[in-house]
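Using my numbering, the first residue of the sequence shown is number 74, and each one after it goes up by one. Structure first, commentary second.
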Amino acid sequence: METTRQSAERAKELFEELGGATTDGFPAIHSPAHRTRTGTPYLRAPGVVMISKPQTNVAGLAGFLEGFDPELNFPGYVDDPTPLPDSSQLCKTAGQTCFDEETEILTDEGWKRFSDLSRDELVLTMNPESGRAEFQKPLAYQALDYDGFMFGFESSSLSFLLTPDHRQWAKTRDSTGYGFHRTWKIANKTFLVRTASDGWQGMIPSLVEIPGFDFSQRMSNHTGADYGTRASSVPPITFNNQEEIRALALLCVYYAAEGSLHKGEGEGVVIYGDHADEVKRIAEVLHLTAHTYVDRRNGCPRTMVHGGKWISRFFEEECGKGSRNKRLPAWVLNLPSDWLQEIWDVLVKTDGHVQKRSGTEYLNTTSTTLAGQAQEILCKLGYGSRVRTNKKVEGRLQTYSLCRKTRKQTYVNRGHRIEGKRYAGSVYCLTTENGIIFVRRDGKPHFSGNCYMSFGPRRTTNDNAAAYFERLTSAGHGSVLEHSNFSFLLYGISRSVTHELVRHRAGAAFSQISQRYVSGAVLRFVERPEYQEDPDLHRLFEERADRAAAEYEAMADQLLERQEGGASMLTADYKTDARKKVQQTARSLLPNETEAPMVFTGNVRALRHIIEMRADAHAESEIRNLALRIFLCLRTADPILFGDYELGELPDGTYTVTTKNRKA
Ligand SMILES: Cc1cc2nc3c(=O)[nH]c(=O)nc-3n(C[C@H](O)[C@H](O)[C@H](O)COP(=O)(O)OP(=O)(O)OC[C@H]3O[C@@H](n4cnc5c(N)ncnc54)[C@H](O)[C@@H]3O)c2cc1C
């Protein structure tokens, strides 16, 4: 994590100032016991002793990795000369998880190479619970120069080239549903990946507005005499009922597939082919006139939709001019599924065909954008697909065929197998909240796990572990931090502090010394910092501690007497139970100032959250002091996982611990 030398040194100094010491790699800040004049023990600060931390056996992976093709050199891949604290090493489970340069990602602006992303786009992802397609803003982007082995796969439905640690969104034979799997872990197994979603909600825009514009017209008579120029303007046109919006969307599809602009007199669009009835119906809904005629050059039917300048301008801008540049407006692609189905049907009817024997539907187009958009529509409708670049015919435009597959998942390692390949070049990925992205390679798309990693030159090696964790926590992807756990013995803490600490349920475990089993002999108290420097408050505290200890003793004696006298609620068959019955009753008079030691375990994600909440300026001062000491021990044990924290000093001389990467 990003850390300043200054903050690292200050943490080390404070650890030592507070009496911190590290024995065999386990840091501790002890707290001495004091006694009142009559001998009641008490403590003035929390004692924090780390009693357990992770031990990570990276070398243990080698035996498994040797089972792969030696060419892949996996043992070398995991071997890293820079040692890390075991807790960091454990969390840094993932390596390089990226796609090669040929892979494209589907954004709200269409298919793009990772290197072409402007970082303003949304990307298509899949909700892992519902399986529905949805757009999300990426949380982080990764790019890396890579020279090493990749896993490659080619079948008629799927193509990928991935770094070995890339996360697949896959279903293996031994898993009940889809989940994230490292490619190297499942590279030898047969598994399924998703090539389309389980559906798409979509939305109908409340209105589609075609902006008005100004234009000028040169005036002349039939002899060509110039009468000057006339300025005109076209007012904006708004379609705001669903029938009109649906009709406009369909006209866009007819135009993109089979249309051209008609400029000049009777301006509008011409739709080729035998679609007169449908196009006339659409025109009617849009309050436009349409007429059909037969092209005298080739005898083909055509339907002309008249509308004036706005219509040619709208279609030119929104749907492109020339067959290679045809596309659909973004709002059309985001319509609900049943509308998208109708749009796909029109695309097949106009620019496509249905294979007689198999019933497979195809779209044939010279527009690579339109092919990609139709592929997006199929994904949203729950169909796999493939865009094939057809063999170029001399003197003709390049054509693309999009084939609709009936299935939305495809097998890996059944028939075709994954192969190891050497690759040198750039690799890319990005991170989304869902952890999944829709990518394609060689025209074959699939939903893939995304990257949780930070990449830049050499970032995944251990000497860059700090930067890696910085990216992880700044993106809020702290789940890998849950692998490392630390346990502490906490003492010198009052019952009121432990009551606050145990509110942290997620990723934490607590075992507290029970006052039912512990006798008055080990009773100790905790003096709050506010009393320590004030002679009167300190005296009152000591008196209270003495009194509570004495009252506890007296009450225990009285209860014992009654127990021996046969009081039914206090009697028990066994000696331990008898003592417990006395102590559990006597403890009721103990104050919140009573010491309540505990063994506390937390994973790094939970520990970070607790430090952020409890070492904050707004936290109560006793728990803040405890959180500070826990932090100082953790920072000593693992300067990387806790390296992004800053110490602050409050006017009263107490400390805060803060980070900009809150709640990773
Ligand atoms: C300054 C301060 C003042 C406070 N004052 C009060 C008070 O007046 N009264 C009071 O009752 N408490 C108070 N608390 C305690 C506070 O409300 C929380 O209970 C405590 O801080 C535990 O934190 P957490 O809820 O983040 O849970 P943690 O157990 O630390 O969990 C971490 C995170 O995991 C997630 N999580 C955990 N459990 C669940 C779950 N069951 N469902 C969904 N998500 C979950 C949440 O995102 C949570 O933030 C105070 C705490 C602080 C720091």
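We treat Cβ as the ideally placed atom computed from N, Cα and C, and that holds for glycine.
L265 in three-state terms, based on DSSP = As a position in the sequence shown, residue 265 is number 192, starting the count at 1. It is a strand residue.
Assigned exposure category for G250 - 16 Cβ within 10 Å defines buried = Here residue 250 corresponds to residue number 177 of the sequence shown, with the count starting at 1. That one is exposed.
Beta-carbon gap between L321 and F312 smaller than 7 angstroms = Within the sequence shown, the letter at position 248 stands for residue 321. Within the sequence shown, the letter at position 239 stands for residue 312. Contact flag set, yes.
message = Restricting to runs no shorter than 3 residues, where is the beta strand (DSSP E) found entirely within the stretch 581-618?
response = Segments of the beta strand (DSSP E) lying fully in the stretch 581-618: 581-585.
query = Do we get a CB-CB distance below 7 angstroms when we pair V196 with the residues of chain D?
reply = Note that chain D does not occur in the displayed structure, where there is just one protein chain.
ask   = Which residues does DSSP pair with Y501 in a beta bridge?
value = Position 428 of the sequence shown holds residue 501. Answer by DSSP bridge pairing, in chain order: F172 and A216.
Where the alpha helix (DSSP H) containing M686 begins and where it ends = Residue numbering aside, residue 686 sits at position 613 when the sequence shown is read from its first letter. V677 to R687 is the span of the alpha helix (DSSP H), which, as asked, contains M686.
task = For V427, I'd like the list of residues in its chain whose CB is within less than 8 angstroms of its CB, leaving aside the five on either flank, ordered along the chain.
result = Locating residue 427 in the sequence shown gives position 354, where the first residue counts as 1. Excluding sequence neighbours, V427 sits near V421, T433, E434 and Y435.
task = Specify the secondary structure class of S641 as computed by DSSP and reduced to three states.
result = Residue numbering aside, residue 641 sits at position 568 when the sequence shown is read from its first letter. In the three-state reduction of the DSSP assignment, S641 falls in the coil class, being assigned neither a helical nor a strand state.
query = How close, in whole Å, do the beta carbons of G516 and R461 come, if the pair is a contact with beta carbons under 8 angstroms?
reply = For the purposes of this step, residue 516 is identified with residue 443 of the sequence shown, where counting begins at 1. For the purposes of this step, residue 461 is identified with residue 388 of the sequence shown, where counting begins at 1. A Cβ-Cβ separation of about 6 angstroms places G516 in contact with R461 under the 8 angstroms criterion.
query = Looking at M642 and ligand 1, is the gap between the Cβ and the nearest heavy atom below 6 angstroms?
reply = As a first step, residue 642 is located in the sequence shown; it is residue number 569 there, counting from the start. Using a cutoff of 6 angstroms, the CB of M642 does not count as near ligand 1, since none of the ligand's heavy atoms is closer than that.
message = Less than 6 angstroms separating the Cβ of M223 from some heavy atom of ligand 1?
response = Residue numbering aside, residue 223 sits at position 150 when the sequence shown is read from its first letter. Result no, Cβ not under 6 angstroms from ligand 1.
ask   = Quick one: is the Cβ of L475 within less than 6 angstroms of any heavy atom of ligand 3?
value = Annotation note on ligand 3: not contained in the displayed structure, which lists ligand 1 as its ligands.
ask   = Comparing alpha-carbon positions, which option in S270, E637 and T109 lies nearest L451?
value = As a position in the sequence shown, residue 451 is number 378, starting the count at 1. The closest CA to that of L451, considering only S270, E637 and T109, is found on S270.
inquiry  = Assuming contact is defined by CB atoms lying nearer than 7 angstroms, are L235 and Y484 in contact in what I supplied?
reply    = Numbered from 1 along the sequence shown, position 162 holds the residue referred to as residue 235. Numbered from 1 along the sequence shown, position 411 holds the residue referred to as residue 484. Cβ distance not < 7 angstroms, so L235 and Y484 don't count as in contact.
ask   = Should M671 be counted as a contact of ligand 1 given a C-beta to heavy atom distance under 6 angstroms?
value = If you number the sequence shown from 1, residue 671 lands on position 598. Ligand 1 never approaches M671 closely enough for any of its heavy atoms to be under 6 angstroms from the residue's Cβ.
task = Report buried or exposed for G339, applying the criterion of at least 16 other Cβ atoms within 10 angstroms of its Cβ.
result = For the purposes of this step, residue 339 is identified with residue 266 of the sequence shown, where counting begins at 1. G339 should be labelled exposed.
task = Assign N734 to one of two classes, buried (16 or more other C-beta atoms within 10 Å of its C-beta) or exposed (fewer than that).
result = Position 661 of the sequence shown holds residue 734. Looking at its Cβ environment, which holds 16 or more other Cβ atoms inside 10 Å, N734 is buried.
ask   = Any chance the CB of H489 is under 6 angstroms from a heavy atom of ligand 1?
value = Position 416 of the sequence shown, counted from the start, is the residue given in the question as residue 489. It does not: the Cβ of H489 is nowhere closer than 6 angstroms to a heavy atom of ligand 1.
ask   = For I283, which three-state DSSP category applies?
value = Taking the first residue of the sequence shown as position 1, residue 283 is located at position 210. In the displayed model, I283 falls within a strand according to three-state DSSP.
message = At the level of alpha carbons, what is the spacing between P105 and D247?
response = In the sequence shown, counting from the first residue as 1, residue 105 sits at position 32. In the sequence shown, counting from the first residue as 1, residue 247 sits at position 174. Taking the CA atoms as reference points, P105 sits about 55 angstroms from D247.
Backbone CA spacing between L723 and L643 [nearest angstrom] = The residue labelled residue 723 in the question sits at position 650 within the sequence shown. The residue labelled residue 643 in the question sits at position 570 within the sequence shown. Roughly 50 angstroms between the two C-alpha positions.
ask   = Are at least three pairs of beta-carbons, each pair with one atom in the stretch 602-616 and one in the stretch 580-590, less than 8 angstroms apart?
value = Three or more Cβ pairs closer than 8 angstroms define a contact, and the stretch 602-616 falls short of that threshold against the stretch 580-590.
query = Is M686 near ligand 1, with its Cβ less than 6 angstroms from a heavy atom?
reply = For the purposes of this step, residue 686 is taken as residue 613 along the sequence shown, with counting starting at 1. Yes; taking the cut-off as 6 angstroms, the Cβ of M686 has a heavy atom of ligand 1 nearer than that.
message = Is any non-hydrogen atom of ligand 1 found closer than 6 angstroms to the C-beta of A582, if you look at the structure I gave you?
response = Stepping through the sequence shown from its first residue, residue 582 is reached at position 509. Answer for A582: no, Cβ out of range of ligand 1.
CA-to-CA distance, E391 to I344, given in whole angstroms = Taking the first residue of the sequence shown as 1, we reach residue 344 at position 271. Taking the first residue of the sequence shown as 1, we reach residue 391 at position 318. Taking the straight line from one Cα to the other gives about 16 angstroms.
query = Roughly how many whole angstroms lie between the Cα atoms of S333 and V342?
reply = Locating residue 333 in the sequence shown gives position 260, counting from the first residue. Locating residue 342 in the sequence shown gives position 269, counting from the first residue. Distance from the CA atom of S333 to the CA atom of V342, rounded to whole angstroms, is 6 angstroms.
inquiry  = According to DSSP, simplified to helix, strand and coil, what is A363?
reply    = Taking the sequence shown and counting its residues from 1, the one referred to as residue 363 is at position 290. Note: A363 maps to strand in three-state DSSP.
request  = Using only the heavy atoms of ligand 1, determine whether one of them is closer than 6 angstroms to the beta carbon of L579.
outcome  = One-based indexing of the sequence shown puts residue 579 at position 506. Going by the sequence as given, residue 579 is Ala instead of Leu. Indeed, a heavy atom of ligand 1 lies less than 6 angstroms from the Cβ.
ask   = Hey, is H572 close to ligand 1, as in C-beta under 6 angstroms from one of its heavy atoms?
value = Locating residue 572 in the sequence shown gives position 499, where the first residue counts as 1. For H572, the CB stays at least 6 angstroms from every heavy atom of ligand 1.
task = Could I get the ranges of all uninterrupted beta strand (DSSP E) runs contained in the stretch 310-338, with 3 residues as the minimum, in chain order?
result = Fully enclosed beta strand (DSSP E) runs of 3 or longer: 310-312 and 332-335.
query = For N523, does the three-state DSSP call read helix, strand or coil?
reply = On the sequence shown, residue 523 is found 450 positions in, with the first residue counted as 1. In the structure shown, N523 sits in coil (DSSP, three-state: anything other than H, G, I, E or B).
ask   = Which parts of the stretch 402-471 are runs of the beta strand (DSSP E), unbroken and 3 residues or longer, counting only runs that do not cross its ends?
value = As for any beta strand (DSSP E) of minimum length 3 sitting wholly inside the stretch 402-471, the runs are 425-427, 434-438 and 458-462, ordered along the chain.
query = The beta strand (DSSP E) spanning C373 covers which residue range?
reply = Working through the sequence shown from its first residue, we reach residue 373 at position 300. Per DSSP, C373 belongs to no beta strand (DSSP E) and is neither H nor E.
query = Can you tell me whether T302 is buried or exposed, with buried defined as 16 or more other CB within 10 angstroms of its CB?
reply = Mapped onto the sequence shown, residue 302 falls at position 229. Looking at its Cβ environment, which holds fewer than 16 other Cβ atoms inside 10 Å, T302 is exposed.
request  = Using the DSSP secondary-structure output, state which residues sit across from L379 in a beta bridge.
outcome  = For this step, residue 379 is matched to residue 306 along the sequence shown. Per the sequence presented here, residue 379 reads as His, with Leu not at that position. In DSSP, H379 forms a bridge with G341 and T362.
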